[in-house]
Structure formats: structure tokens, C-alpha cells
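Take a look at the structure below.
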Amino acid sequence: MKVLAINGSSRKDGNTADMLNLVLGELEKEGYETEHIQLAGHTINPCKACFECAGKKNCVFGNDIFQELYKKMTEADAIILGSSTYSADVSSTLKAVIERASVVSDTNPGMFRHKIGGAVAVARRAGAMNTIDTINHFFLNKEMYVAGSTYWNIAYGRLPGEAMKDEEGVANMKNLGQNIAWILERLK
59 MKVLAINGSS
69 RKDGNTADML
79 NLVLGELEKE
89 GYETEHIQLA
99 GHTINPCKAC
109 FECAGKKNCV
119 FGNDIFQELY
129 KKMTEADAII
139 LGSSTYSADV
149 SSTLKAVIER
159 ASVVSDTNPG
169 MFRHKIGGAV
179 AVARRAGAMN
189 TIDTINHFFL
199 NKEMYVAGST
209 YWNIAYGRLP
219 GEAMKDEEGV
229 ANMKNLGQNI
239 AWILERLK
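Counting in our numbering, the final residue of the sequence shown is number 246, and the numbers go up one at a time with none missing.
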């Protein structure tokens with residue numbers, strides 16, 4: 059079974075990557091195949107709402123990495139979306155992924171049905187709950203099972219490496235990975 063983590067942070071190999079790697083590490087311990095894609099340095103254009111994707115099972119515009127990313131999302135058994143918190147929400151790059159994936163899956167129903175979703179947010183101080191909510195709304199609207207942890211899947215830190223000092227955040231990420239593994243095992 060495959061688990062895909064998409065890092066929506068604008069900073070490659072920063073705090074969000076660290077937190078996603080903690081989640082994936084727990085899944086790898088259980089033998090699951092994982093992949094971590096970082097969106098930093100990539101442009102994801104917003105949805106044009108043309109609905110040309112209807113019946114095609116992917117966006118028709120191939121001028122960015124979205125088509126490849128969406129294909130990987132549909133092939134995964136679990137999808138973990140992570141984002142740094144910008145203006146109390148997900149990054150604009152991850153928001154574009156969510157919007158386009160929503161339209162493609164809405165015009166091709168059931169593409170994410172019964173997959174597992176996990177939301178991860180990193181923030182300097184506040185706004186992370188909105189980030190978690192945006193991601194979870196995507197999962198729930200696509201008929202996915204949403205995994206949680208012992209508390210919110212949030213870690214706090216500004217500069218690279220600071221979130222690893224958030225002991226509760228680190229513990230929550232590991233617990234999230236364990237919970238996703240538990241659900242995957244039951245869905246086999």
C-alpha cells in the first residue's frame with residue numbers, strides 16, 4: 059500500500075518537511091511504501107473552472123506538475139497534506155492543488171473514495187487550526203477517512219528545525235503515522 063505526503067510549504071526541507079518525515083517514518087516502520095513530494099520551487103496554477111476534466115480523470119492543462127501530482131494522489135491509499143501556515147491558512151500552492159483536485163474529482167466522482175487523509179500544519183504562532191480545517195474539508199468532501207492523533211496535527215516553529223523542538227508536536231506526528239498505519243491495516 060502506498061502513502062503520499064505532499065508538502066505545501068514554500069520552504070524546501072523546512073519544518074513542514076520535518077513533520078511529514080516523522081509521520082512517514084512511522085509508516086515505513088510498518089512496511090508501507092511512502093513518497094514525499096515538496097512543492098517548494100514549483101508553480102501550481104489555480105483552477106480555471108473550465109470543467110474540461112469531466113470524464114478525463116485529470117486536469118487537461120499540463121503546464122505545471124499538477125497532472126503528475128494528481129495521478130500519484132489517485133494511486134495512493136493514503137494522502138497526507140502538509141502546509142506551513144500563511145495568513146491563517148494553507149499556502150497558496152497547496153490551495154491551488156486542493157482546488158484543482160477538488161474540481162477534477164467532483165467531475166469524476168469517487169476518485170478519492172475510501173482513501174485515508176492526514177492533515178499536518180506548522181505555524182509560528184497561530185492560524186494552524188484553519189490550515190488543518192482547509193485540508194480536512196478537502197478530505198471529507200472527497201469521501202475519505204480522516205486520521206487524527208492524540209491532539210491536533212500541529213507543530214510550532216518558524217526557522218528550519220525549530221518545529222523539531224516542539225515535543226508535543228513531534229509526538230502528535232508520530233502518533234498520526236501510527237494511526238494511519240492502523241487504518242491501512244484494517245482496509246487491506
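Note that the Cβ used here is the ideal one computed from N, Cα and C, for glycine as well.
Just so it is clear, the structure is predicted and the values come from calculations on it, not from any experiment.
Quick test of your reading: A134 and K60, contact by CB under 8 Å. State the CB separation rounded to the nearest angstrom.
What you label residue 134 is simply residue 76 of the sequence shown in a count that begins at 1. What you label residue 60 is simply residue 2 of the sequence shown in a count that begins at 1. Contact flag correct, Cβ pair sits at about 5 Å.
Would you kindly work out how many angstroms separate the C-alpha atoms of L217 and S141, rounded to a whole number?
In the sequence shown, counting from the first residue as 1, residue 217 sits at position 159. In the sequence shown, counting from the first residue as 1, residue 141 sits at position 83. So the alpha carbons of these two residues sit roughly 14 Å apart.
Which same chain residues end up closer than 7 Å to S207 when comparing Cβ atoms and leaving out the 5 residues on each side of it in sequence?
Residue numbering aside, residue 207 sits at position 149 when the sequence shown is read from its first letter. Excluding sequence neighbours, S207 sits near N230, N233, L234 and N237.
According to the Cβ coordinates, are G175 and I137 closer than 7 Å?
Working through the sequence shown from its first residue, we reach residue 175 at position 117. Working through the sequence shown from its first residue, we reach residue 137 at position 79. Cβ atoms of G175 and I137: closer than 7 Å.
Evaluate G227 with the Cβ neighbour count: other Cβ atoms within 10 Å of its Cβ, from every protein chain shown; 16 or more gives buried, anything less gives exposed.
Taking the first residue of the sequence shown as position 1, residue 227 is located at position 169. Label assigned to G227: buried.
Can you name, in chain order, every residue of its own chain whose Cβ lies under 8 Å from the Cβ of S150, other than the five neighbours on each side?
The residue you call residue 150 lines up with position 92 of the sequence shown. Once the five neighbours on either side are set aside, the close Cβ partners of S150 are Y144.
Going by DSSP, name the residue or residues bridged to E91.
Here residue 91 corresponds to residue number 33 of the sequence shown, with the count starting at 1. DSSP lists K60 as partners of E91.
Would the region 154-174 and the region 192-202 be scored as touching if the rule is three or more Cβ pairs under 8 Å?
Result yes; three or more Cβ-Cβ pairs closer than 8 Å.
Would you kindly work out how many angstroms separate the C-alpha atoms of F197 and D147, rounded to a whole number?
Numbered from 1 along the sequence shown, position 139 holds the residue referred to as residue 197. Numbered from 1 along the sequence shown, position 89 holds the residue referred to as residue 147. Rounded to whole angstroms, F197 to D147 spans 16 Å at the Cα level.
Any idea which residues DSSP pairs A177 with across the strands?
Position 119 of the sequence shown, counted from the first residue, corresponds to residue 177. BP columns for A177 point to L139.
Is the region 112-130 in contact with the region 177-188, if contact means three or more CB pairs nearer than 8 Å?
With a cut-off of 8 Å, the region 177-188 and the region 112-130 do not count as touching, because too few Cβ pairs lie within range.
Can the beta-carbon of T92 be found closer than 7 Å to that of E84?
To locate residue 92, count along the sequence shown from 1; it is residue 34. To locate residue 84, count along the sequence shown from 1; it is residue 26. Not a contact, by the Cβ cut-off of 7 Å.
Grab the span of the alpha helix (DSSP H) containing V162 for me, first residue to last.
As a first step, residue 162 is located in the sequence shown; it is residue number 104 there, counting from the start. S150 to T165 is the span of the alpha helix (DSSP H), which, as asked, contains V162.
In whole angstroms, what is the alpha-carbon distance linking N166 and K223?
Working through the sequence shown from its first residue, we reach residue 166 at position 108. Working through the sequence shown from its first residue, we reach residue 223 at position 165. Their Cα atoms are separated by approximately 42 Å.
Within this structure, are the beta carbons of E63 and L80 separated by less than 7 Å?
The residue labelled residue 63 in the question sits at position 5 within the sequence shown. The residue labelled residue 80 in the question sits at position 22 within the sequence shown. The displayed chain sequence assigns Ala, not Glu, to residue 63. No, these two residues do not count as a Cβ contact at 7 Å.
Just reading off the alpha helix (DSSP H) that V228 is part of, what are its end residues?
Position 170 of the sequence shown holds residue 228. Segment E225 to L245, the alpha helix (DSSP H) holding V228.
Looking at the unbroken beta strand (DSSP E) that takes in Y203, where does it start and where does it end?
In the sequence shown, the residue the question calls residue 203 occupies position 145. Per DSSP, Y203 belongs to the beta strand (DSSP E) from Y203 to A205.
Going by DSSP in three states, D147 sits in which element: helix, strand or coil?
Locating residue 147 in the sequence shown gives position 89, where the first residue counts as 1. Residue state, collapsed to three classes: strand.
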